[in-house]
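K.L.:
Please find one structure pasted underneath; my questions will follow.
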Amino acid sequence: MKLFRIFLSLLLALPGACLAELANENLLQNMPDGYKVDFQTRQGNMLLKEMVPRAQTVKNWTEMLTTQIFLSMKNATPEQFQTRMEKSWLVACKDGGVASVTKGEENGYAFSIWLQTCPLNQSTGKPEVTFFKAIKGNDSFYLVQKAFKFDLGCPKMLQNNQFLSPKKWPYLPEQENVVLRFMISRIVTGTSS
């Protein structure tokens, strides 16, 4: 949770943040099977939603899917978010690791996906692995995170560049499905019906 607060304050400090509502684009994201929305709020220009497995809470979780929408933040790029978050992560987590997974454009929107690992989170005493997807919208900026509080074998993946091949990821099929669904979160133009 301490790492999350650091990231949240860092992200809110990025330039270009103004207050507005989403009108012409929306984030398309399915809630994973067996998950529930356990917390959501609006803090200034940021909308935050945290989803966990039904038997867990945001205060006691092993897996969490987090969505942040930074309303009217138009000047930040996915690479800027990634760089800032990686630097903060490596300061907060001794022996932490970071790795780019992919970047590009989907539906005309720039995105970046990366992975951050912490073999021992000081605040929880557990390992933590988080996949991030940052999307630069026309109206706003979007950040989706899928975090695990257990070892996925990622340090070895980082060393061997195996994170580029999901078939080599050493976790259970249901976890793979959750991560792959997270990675296809995307935004589209037009209002939701």
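In terms of our numbering, the sequence shown opens at residue 14 and continues consecutively. Where is the CB? At the ideal position from N, CA and C, for every residue including glycine.
1. In whole angstroms, what is the alpha-carbon distance linking K62 and F144?
2. In chain order, which alpha helix (DSSP H) runs of at least 4 residues are fully inside the segment 87 to 132?
3. For T80, which residues in the same chain have their Cβ closer than 6 angstroms to its Cβ, ignoring the five residues on either side in sequence?
4. Distance, Cα to Cα, T40 vs Y122?
5. Can you give me the C-alpha to C-alpha distance between Q95 and A147, rounded to a whole angstrom?
6. Could you give the distance in angstroms between the alpha-carbon of V111 and the alpha-carbon of N43?
7. Who are the near neighbours of G47 in its chain, counting only those whose CB is closer than 7 angstroms to its CB and skipping five residues on each side?
8. What do you get for G57, buried or exposed, if any count of 16 or more other CB atoms within 10 angstroms of its CB means buried?
9. Assign F163 to buried or exposed, taking buried as 16 or more other Cβ atoms, counted over all protein chains shown, within 10 Å of its Cβ.
10. When the distance is taken between beta carbons, is W102 closer than 8 angstroms to Q129?
11. In three-state DSSP terms, what is K72?
12. Closest to V114 by C-alpha separation, out of I126, D108 and K107, would be which residue?
13. In chain order, what residues of the same chain have a beta carbon less than 8 angstroms from the beta carbon of E76, not counting five sequence neighbours either side?
14. Could you check the C-alpha separation between N134 and N120 for me, to the nearest Å?
15. Relative to the alpha-carbon of K139, which residue among R55, K107, A89 and L60 has its alpha-carbon at the smallest distance?
16. For C131, which option in E99, G150 and Y155 has the closest C-alpha, if you only look at C-alpha atoms?
17. Which residue comes first and which comes last in the beta strand (DSSP E) that contains P140?
18. If you draw a straight line from the alpha carbon of S136 to that of F124, how long is it in whole angstroms?
19. Can you tell me whether K72 is buried or exposed, with buried defined as 16 or more other CB within 10 angstroms of its CB?
P.N.:
The answer reads as follows:
1. Those two C-alpha atoms are separated by around 16 angstroms.
2. 91 to 105
3. K62 and V157
4. Here the sequence assigns Leu to residue 40, which means Thr is not the residue at that position. Spanning the alpha carbons of L40 and Y122 requires a straight line of approximately 11 angstroms.
5. Rounded to the nearest angstrom, the two C-alpha atoms are 8 angstroms apart.
6. 26 angstroms
7. Same-chain partners within the cutoff: P66 and R67.
8. Classification of G57: exposed, given that the 10 Å Cβ count is below 16.
9. exposed
10. yes
11. coil
12. I126
13. V65, P66, Q69, K159, A160, F161, K162, Q188 and V191
14. 36 angstroms
15. For the residues R55, K107, A89 and L60, the minimum Cα distance to K139 belongs to K107.
16. E99
17. Following the DSSP letters along the chain, one finds P140 inside the beta strand (DSSP E) bounded by residues K139 to K149.
18. 30 angstroms
19. exposed
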